[in-house]
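Peer 1: Structure provided below as structure tokens; questions to follow.
Number of protein chains: 2
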Amino acid sequence: MNKPDCLIIGFGPCGIEAAIYLKRYGFNPIVVGKDGGALEKAHQIENYYGIESITGKELLEKGIEQAKHLGIEVVNDEVLAIETDEGFKVIGVHHIWQPKTILLAVGASRASLSSASAYEGKGVSYCAICDGFFYRKKKVAIIGNGAYMLHELEILKQMISDLVIFTDGKPLMVDVGDTKVIKDKILRFEGEGKLQNIVTEKESYPVEGCFIAIGSASGFTLAKHLGIAMKENSIMVNEQYMTNITGIFAGGDCIGGLLQVSKAIADGALAATEISKYLKKS
Amino acid sequence: MNKPDCLIIGFGPCGIEAAIYLKRYGFNPIVVGKDGGALEKAHQIENYYGIESITGKELLEKGIEQAKHLGIEVVNDEVLAIETDEGFKVIGVHHIWQPKTILLAVGASRASLSSASAYEGKGVSYCAICDGFFYRKKKVAIIGNGAYMLHELEILKQMISDLVIFTDGKPLMVDVGDTKVIKDKILRFEGEGKLQNIVTEKESYPVEGCFIAIGSASGFTLAKHLGIAMKENSIMVNEQYMTNITGIFAGGDCIGGLLQVSKAIADGALAATEISKYLKKS
């Protein structure tokens, strides 16, 4: 079990730049990431100072190599849960960390499910443990296709019998036993005042509850689990880049603003500076 | 005479990144700069995301080349004055521009004269035209060694007879006729309640007024001429990166905060985004 000064979740520009600064401030950060998010899909970046033209994938790889050359541990893993009972405990598929601080550099939310946000608290939930109980005898959907979905599914299975998985057009990556799986792409969420239907490209499915466990838990789902305050799909931070939970910071696309590499690395440098001050005080 | 959508003063990271964004937003920026400021002196930069190791000078040159390849005009010139009577008029040694907007990306203030700031308004001035009159029959110093100092000297000469130039240890770059020149390095400014002495490494000179016209006018002197609101040696901007003068924006080291390339380019991208919105409205 590893106890870094800071566990940085996300190895995009914000996470890596923050790690570089923390390392140079004399701290021991660990970066954990699963994928390169939106940047990985950028074909050509031509507005980043000092590099005339580069693909998003190349820039991501350069950043990770740069951090590794400075002796920073960069781990490929998917974070499934963060516990805050006694200090922090971050649970990945392959690792468990007990960091002094956490930096969420998890990128922007996936646009594909943005229509679900209208039903948050009205049928749509991001936390099986928190809300599963309320849907005990109801027809419930869970959206996702990977390890994080499986993690949430196992919790829901203990409370709910009528469960259906939506992969939203993606291949199912895990073994879900005999739970029903819909692999069509989701078009929209419908309902008067509360969620009533999930409409895919092929059919409309009546549901009463829907748990979002798509992609990596490293995203907003983690933040929502923790009770981190959000605003318009972005994590809210104060001037010190700290969320409403003491010791948990956030930066980059996930806190909103200009979704650009330049702004993300500034967030990384600034957040690292604040984390450094926080660590020195505590 | 050139009328760009935005004249960006400073070709460091903030200025160049802003130019790249403005160009891509469909506008026509011109960048004017004289030197690379603090970045030029940075021996080795190893905390800039995506570039493992580079000298400040190399990074500056890369940035300027990058902008030029995108078709952005980057001009080597020294800005001497900004007039705001009817629209903006920016006067350089070799050029005059009439831009729709101005972005000050002029870097941080020179530390060497920081001790003068205690006497601002108490003998120390940054504007010959504004304050020269108040020192008509007094012994007055002017600090500087280049074209900008000469520009200020000529204004002061019309009002003040007892003038002495301090180059602060730098070689005199211009012909100042028979005005007395002290080339020793300045150690400090002294005085009870108001400026009384300038102390160099060799001698103490009694003066009643001192005009700072050191380095390029592109720095704080320009801002102070214009009546731009400052706070602790930084230019104050609102959330839209605009100074208290409508149409004049600022970003990078000159607005304070973390004096790092990462933060400077974020300022550039964000300020350009705001300038773009402003230009579309006007």
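Heads up: the protein sequence lines correspond to chains F and U, in order. Per the working numbering, residue 73 is the first one in the first sequence, and the count goes up by one each step. Per the working numbering, residue 73 is the first one in the second sequence, and the count goes up by one each step. From the three backbone atoms N, C-alpha and C, an ideal C-beta is built for every residue, glycine too. These numbers come from a predicted model, not from an experiment.
At the level of alpha carbons, what is the spacing between glutamate 280/U and glutamate 264/U?
Peer 2: Cα-Cα distance, rounded: 12 Å.
Peer 1: Would you decide whether methionine 302/U is buried or exposed? Buried here means 16 or more other CB atoms lie within 10 Å of its CB.
Peer 2: Buried is the call here.
Peer 1: Is glutamine 138/F close to chain U? Criterion is C-beta to C-beta, closer than 7 Å.
Peer 2: Yes, glutamine 138/F lies at the interface with chain U (some Cβ there is under 7 Å from its Cβ).
Peer 1: State the start and end residues of the unbroken alpha helix (DSSP H) segment that holds tyrosine 120/U.
Peer 2: Counting along the chain, tyrosine 120/U falls outside any alpha helix (DSSP H), and DSSP gives it neither H nor E.
Peer 1: Could you check which residue in Glu192/U, Ala344/U, Phe160/U, Asn305/U has the C-alpha nearest to that of glycine 179/U?
Peer 2: The shortest Cα separation from glycine 179/U among Glu192/U, Ala344/U, Phe160/U, Asn305/U belongs to Asn305/U.
Peer 1: How about glycine 159/U and valine 151/U: are their beta carbons less than 7 Å apart?
Peer 2: Cβ atoms of glycine 159/U and valine 151/U: not closer than 7 Å.
Peer 1: List the DSSP bridge partners of threonine 173/F.
Peer 2: In DSSP, threonine 173/F forms a bridge with Cys78/F.
Peer 1: Tell me the DSSP secondary structure of glutamate 155/U in three-state form.
Peer 2: Three-state result, glutamate 155/U: strand.
Peer 1: Give the interface partners of leucine 342/F over in chain U, defined as CB-CB distance under 7 Å, in chain order.
Peer 2: Within chain U, the residues near leucine 342/F are Leu330, Lys335.
Peer 1: Chain U partners of glutamate 89/F, CB-CB under 7 Å?
Peer 2: Those are Tyr121, Ser334, listed as they occur along chain U.
Peer 1: At least one CB of chain F closer than 7 Å to the CB of leucine 176/U: is that the case?
Peer 2: Not closer than 7 Å to any Cβ of chain F, the Cβ of leucine 176/U fails to qualify, so no.
Peer 1: Select from Gly105/U, Gly128/U, His223/U, Leu142/U the residue whose C-alpha is nearest the C-alpha of isoleucine 92/U.
Peer 2: Among Gly105/U, Gly128/U, His223/U, Leu142/U, the Cα nearest to that of isoleucine 92/U belongs to Leu142/U.
Peer 1: Strictly below 7 Å CB to CB, what residues from chain F border tyrosine 198/U?
Peer 2: Simply none; closest approach about 29 Å.
Peer 1: Relative to chain U, which residues along the stretch 91–124 of chain F have a C-beta separation below 8 Å, given in chain order?
Peer 2: If the cut-off is 8 Å between Cβ atoms, the stretch 91–124 of chain F has Ile92, Tyr93, Arg96, Glu118, Asn119, Tyr120, Tyr121, Gly122, Ile123, Glu124 near chain U.
Peer 1: Just tell me which of Ala344/F, Gly319/F, Lys210/F, Tyr220/F has its CA closest to the CA of serine 233/F.
Peer 2: Out of Ala344/F, Gly319/F, Lys210/F, Tyr220/F, Lys210/F has the C-alpha closest to the C-alpha of serine 233/F.
Peer 1: For glycine 82/F and chain U, any beta-carbon pair shorter than 7 Å?
Peer 2: No, its Cβ sits nowhere closer than 7 Å to a Cβ of chain U.
Peer 1: Can the beta-carbon of isoleucine 88/F be found less than 7 Å from the beta-carbon of alanine 139/F?
Peer 2: Yes; because the gap between Cβ atoms is below 7 Å, this pair is in contact.
Peer 1: Can you name the residues of chain U whose CB is closer than 8 Å to the CB of histidine 141/F?
Peer 2: The answer, in chain order, is Glu124.
Peer 1: Can you say whether isoleucine 168/U is buried or exposed, counting buried as having 16 or more other CB atoms within 10 angstroms of its CB?
Peer 2: When all chains shown are included, isoleucine 168/U counts as exposed.
Peer 1: Would you kindly report the start and end of the unbroken beta strand (DSSP E) that includes tyrosine 161/U?
Peer 2: Strictly speaking, residue 161/U in this sequence is lysine, with tyrosine absent from that position. Lysine 161/U -> beta strand (DSSP E) spans 161–164.
Peer 1: Closer than 7 Å, CB to CB, is lysine 128/F near chain U or not?
Peer 2: One point to set straight first is that residue 128/F is glycine, not lysine, in the sequence displayed. So no, glycine 128/F is outside the interface.
Peer 1: Pair every Cβ in the stretch 118–132 of chain F with every Cβ in the stretch 315–325 of chain F, then say whether three or more of these pairs are closer than 8 Å.
Peer 2: Result no; under three Cβ-Cβ pairs closer than 8 Å.
Peer 1: Do you know how far the Cα of isoleucine 258/F is from the Cα of alanine 183/F?
Peer 2: Residue placement at alanine 183/F cannot be trusted, given a pLDDT of 41 that sits under 50; what the coordinates show is reported in the next sentence. Roughly 12 Å separates the two Cα atoms.
Peer 1: Where does the unbroken alpha helix (DSSP H) through valine 253/F begin, and where does it stop?
Peer 2: No alpha helix (DSSP H) contains valine 253/F, which is instead part of the beta strand (DSSP E) from 252–254.
Peer 1: Which bits of chain U does alanine 285/F rub up against, with CB to CB less than 9 Å?
Peer 2: In chain order: nothing, as chain U lies at least about 31 Å away.
Peer 1: Check the C-beta distance from phenylalanine 283/U over to serine 197/U and give it rounded, since I have them as a contact under 8 Å.
Peer 2: Contact flag correct, Cβ pair sits at about 5 Å.
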